[in-house]
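Single-structure report; data block below.
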Amino acid sequence: MVALAPEMKKSNSLGAGYAGALITILIWATWIIATRHSSATHLGTIDLGLIRYGVPALVLAPVWLRAGLIPRGVPVMLVAIMVCGAGALFFQITTFAIHSTPASAVGVLLGGSMPLAAALIGVVVFGERPDFTRWLGLAAIVAGLAILLTIALGSHAIGWISFTFLPLGALLWAGYTHAFKRSGLTALEGGALIAVWSFIIHIGLALVFGTAITSVPLAEIGLQFLSQGILSGLAAMLAYGIAVRVLGGSQAAAFSALTPVLAALGGAIFLDEPVGVWEIAAALITGLGVALSTGILSHRCKR
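Residue numbers for the sequence shown, in our numbering: 7 to 309.
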């Protein structure tokens with residue numbers, strides 16, 4: 007029994023990592039749908055950012071007050087990459103693009119690009135060497151992106167903003183993923199740091215460009231408070247932090263490839279967005295790639 011304890015502990019730790027990743031992508035899919043919905047209201051990207059980061063900045067105030075705005079021992083460059091990659095810059099770029107992009111396409115262009123960007127940074131910058139099954143999974147994700155690109159070029163339904171800003175957002179998030187992994191911060195500390203800096207930045211943007219929050223019905227504010235602030239800003243950030251800590255940057259990011267399937271379904275059900283056979287195929291192929299790109303099958307084969 008004693009000999010099995012380390013293996014059981016490792017198994018429980020992996021379970022927590024996988025659970026954190028799955029919770030994150032479920033919330034991300036909800037975030038995409040809620041953000042698409044907000045495009046029909048008076049809420050702008052700055053308004054949504056105030057809600058997104060204001061809630062966790064307030065809830066996690068004891069954490070960032072204790073750790074400091076620049077935690078001791080953490081390089082300023084890593085803090086900057088984290089705040090840009092998962093905070094204000096990432097949010098403004100992706101939210102602007104989501105407002106003019108169908109949910110199914112957002113899921114593929116953003117969620118599908120994240121594993122590719124994380125793997126690229128891991129290989130080029132940190133010398134990671136994905137095995138054959140992970141490369142195969144990434145290839146499936148590329149195939150899904152290629153299908154969506156072909157559809158867009160034929161129908162002109164998706165503009166250059168979507169194909170530029172969403173992959174750029176994925177690259178920023180991948181940078182945050184690797185920076186957080188190497189920062190030594192806990193999920194709480196990382197989430198608190200990103201939230202407070204991003205909230206400060208959005209306050210500055212609101213002072214310069216104004217805000218429309220006071221002119222929006224309370225029901226809409228409540229919806230965004232739940233989706234942006236509590237779920238995306240707080241719960242998903244903490245869950246993803248746990249996933250990165252346990253699984254590693256590239257493997258945690260790979261789970262985001264499941265987002266396309268959920269976003270496509272959510273867009274069709276809740277937003278009445280048209281989803282054709284090829285859009286479904288792109289989402290399924292992209293999502294299927296996660297089974298290989300996470301390395302789950304590699305672990306099982308080694309056993």
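For each residue, glycine too, the CB sits at the ideal point set by N, CA and C.
- Of the candidates V80, I52, A111, A111 places its Cα closest to the Cα of W166.
- Distance from the CA of T292 to the CA of T41, rounded to the nearest whole angstrom, comes to 22 Å.
- Here the alpha carbon of T192 sits roughly 7 Å from the alpha carbon of G247.
- Excluding sequence positions up to five before and after G118, its CB lies within less than 7 Å of the CB of I147, G150, L151, A263, P266, T292, all in the same chain and listed in chain order.
- Of the candidates E226, L240, V252, the residue whose Cα lies closest to the Cα of H43 is E226.
- The Cβ-Cβ distance between H105 and T51 falls below 9 Å.
- Straight across, the Cα-Cα distance linking I33 with L237 is about 6 Å.
- I99 places its beta carbon less than 9 Å from that of G175.
- Around the beta carbon of T101, 16 or more other beta carbons lie within 10 angstroms, which makes this residue buried.
- Taken through DSSP and simplified to helix, strand or coil, A145 comes out as helix.
- In chain order, W70, A73, L75, P77, V85, M88, V89, L191 place their CB closer than 8 Å to the CB of L199, counting only its own chain and leaving out the 5 sequence neighbours on each side.
- In the assembly as shown, I29 is a buried residue. Its beta-carbon has 16 or more other beta-carbons within 10 Å.
- DSSP, reduced to helix, strand and coil, places T36 within a helical segment of the structure shown.
- Counting along the chain, I209 sits inside the alpha helix (DSSP H) bounded by residues 193-215.
- Per the coordinates, the alpha-carbon of A274 lies some 31 Å from the alpha-carbon of G197.
- The alpha carbon of G235 has as its nearest neighbour, out of G21, G26, H48, G93, the alpha carbon of G93.
- Note that the C-beta distance between V281 and T183 is not below 9 Å.
- Each of G128, G21, F97 was checked against the Cα of K187, and the nearest Cα belongs to G128.
- The Cβ neighbour count for S221, taken over all protein chains shown within 10 Å, is under 16; the residue is labelled exposed.
- Classified as buried, M243 has 16 or more neighbouring CB atoms from the shown chains inside 10 Å of its CB.
- Selection S45, R135, I157, G55 evaluated against W284 yields I157 as nearest (Cα-Cα).
- Excluding residues up to 5 positions away in sequence, A201, V202, F205 lie with their Cβ nearer than 7 Å to the Cβ of A63 in the same chain.
- Counting along the chain, the unbroken alpha helix (DSSP H) around Q98 starts and ends at 94-104.
- Secondary structure at F171: helix, using DSSP grouped into helix, strand and coil.
- The Cβ atoms of G23 and L253 lie closer than 9 Å to each other.
- Considering only Q230, A145, M83, G239, the residue with the shortest C-alpha distance to A185 is M83.
- Ranking E195, I286, V80, P108 by CA distance to the CA of E279 puts P108 first.
- Rounded to whole angstroms, G60 and S19 show a C-alpha spacing of 31 Å.
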